[in-house]
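What follows is a short report on a single structure.
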Ligand SMILES: [Zn+2]
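Numbering (my numbering), first residue to last: 1 to 428.
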């Protein structure tokens, strides 16, 4: 039995990590810049600060059907998006009917449904633009979601370098502009008065709006990320750059609300006003979330890896839970790492899972069944700073991580819960 590290903190109470942060600041949000009708989708309930380090696998308002995976990233369509797609078809059928003489009403609805579907694919293409560049630059993407207010690429962590953020944020609008240009060329070349021509015209216009709206310079929109990257590039600290882009995001949200109330009401389109207000509320909440994230970034330097280290103990992976717990107690350790037959660390024991094994079953439950294999993301260098620690935890969510020194030896274990409690304490 080997014991290492005695830097562990006193036992902290399990419990609420406090403070709700609302939306995930890492989401690359791309809102449909379109007067869609009737959306009632508002931001979801807040996420606890623990989720910053321990991201949950799913969130209710963005759960839906997995269409497929592209380079391992699931593409999810929510039911709310389908409702908006139907409304979009209903709104544009009369437009197509007017643009195309000699078309039956049914034909116009069919063409509008086709447009609605194609536009959904355009939003997806926009998101995949973000995703492709993000993956190419080495930033994992959790998933791509189409929902009532548009699309979102959920990145595992914030890009560290301003250049990366610039490229990732710019790639979506770039894809939309390319599609708009291509559709416009097709529109110009196609015969006037035909339904494919009308579809090309609508696609050119809607993609131009999609790019234009998303380039508005406020978080959580792409333009807000570009603004933040530019501010960072000009020498602003990450927290300051985030703060600036979050405040302009709040201005954008107010602008969207006002445009919904003034423009749409004058033309008598109450449903469009409702959509604008929902969109504005969503943008406001997300911008506020970014502001809180900026506060978090400001407080981060107060936390270091060695502040959080729990002493751990190595045990053979063929032990039972009761034997492993006995060794941990005798060594006064607060974490368990399993060694394989060749004495190499192979897995880290999950505190919650091992605690859930009933006492009478502990002698017969192998400790390997309550542990997680040590993938590279679970190994944390001991010289990483707090921002780096947060990023690594976001990229590979887990309850425990193994801290390793530069010579490869183990320094101890870090629990995401301890870090979350520290962050909550810093924000309180
Ligand atoms: Zn975008």
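Where is the CB? At the ideal position from N, CA and C, for every residue including glycine.
**Item:** Identity of the residues DSSP links to residue 185 by a beta bridge
**Value:** Per DSSP, none; premise fails for residue 185.
**Item:** ligand 1 heavy atom lying under 8 Å from the CB of residue 127
**Value:** yes
**Request:** Output the distance between the C-alpha atoms of residue 225 and residue 250, rounded to the nearest integer angstrom.
**Result:** 14 Å
**Item:** CA-to-CA distance, residue 375 to residue 340, given in whole angstroms
**Value:** 14 Å
**Asked** Between 81, 309, 232, 253, which lies nearest to residue 411 when the distance is taken from Cα to Cα?
**Response** 309
**Message:** Using only the alpha-carbon positions, how far apart do residue 162 and residue 232 sit?
**Reply:** 6 Å
**Message:** Considering Cα atoms alone, identify which of 171, 164, 146, 139 is closest to residue 157.
**Reply:** 139
**Asked** In three-state DSSP terms, what is residue 68?
**Response** strand
**Message:** Given this structure, state the Cα-to-Cα distance separating residue 305 from residue 206, to the nearest angstrom.
**Reply:** 48 Å
**Asked** Going by the C-beta, is residue 169 closer than 8 Å to any heavy atom of ligand 1?
**Response** yes
**Request:** Using 8 Å as the cut-off, classify the Cβ of residue 139 as near or not near the heavy atoms of ligand 1, replying yes or no.
**Result:** no
**Asked** So residue 134 is in the alpha helix (DSSP H); what residue range does that whole segment cover?
**Response** 105-136
**Per DSSP, the bridge partner or partners of residue 347** = 338, 373
**Prompt:** Which residue's Cα is closest to the Cα of residue 118: 378, 191, 196?
**Reply:** 196
**Prompt:** Count the other CB atoms within 10 Å of the CB of residue 65; is the residue buried (16 or more) or exposed (fewer)?
**Reply:** exposed
**Request:** Taking only the alpha-carbon atoms, compute the straight-line gap between residue 346 and residue 399 and give it to the nearest angstrom.
**Result:** 16 Å
**Asked** Would DSSP call residue 191 helix, strand or coil?
**Response** coil
**Message:** If contacts are defined as beta-carbon pairs under 8 Å, then residue 133 and residue 171 qualify, I think. What distance do you get, rounded to the angstrom?
**Reply:** 4 Å
**Request:** Can you grab the Cα-Cα spacing for the pair residue 355 / residue 212, in whole Å?
**Result:** 52 Å
**Message:** If you follow the beta strand (DSSP E) that residue 381 is in, where does it begin and where does it stop?
**Reply:** 379-381
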